[in-house]
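Okay, so here's the structure we're looking at.
The structure is reproduced here in structure tokens:
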């Protein structure tokens, strides 16, 4: 399992449209991917899970991935969240 801390700096955070695009990106990977915000954790491939975290611009989160393409997944998702 690989983990990476990321500060969301995409202008709006993960509101509905950005969250849907994030999930689309996460779903390209075979690895299990999770987002952690504080004590809460959600499946990064689940719209309901991601939206339930209420991730605003400037929020520090942890991305965690476990699987054959975990490193590539974290790199791609971290870039998406910071652009």
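Numbering (this note's numbering), first residue to last: 144 to 226. Cβ coordinates follow ideal geometry from the N, Cα and C atoms, glycine included. All figures in this text were calculated on a predicted structure; none of them were measured in a lab.
Asked, Found
"Cβ pair residue 192, residue 185 closer than 8 Å", "yes"
"Bridge-paired residues (DSSP) for residue 176", "208"
"Residue 188 - DSSP class collapsed to helix/strand/coil", "coil"
"Cβ neighbour criterion (16 or more within 10 Å) applied to residue 213", "buried"
"Which listed residue (174, 155, 149) has its alpha carbon closest to that of residue 209", "174"
"8 Å Cβ cutoff met for residue 206 and residue 178", "yes"
"DSSP-derived helix/strand/coil call for residue 151", "coil"
"C-alpha distance - residue 180 paired with residue 156, whole-angstrom precision", "13 Å"
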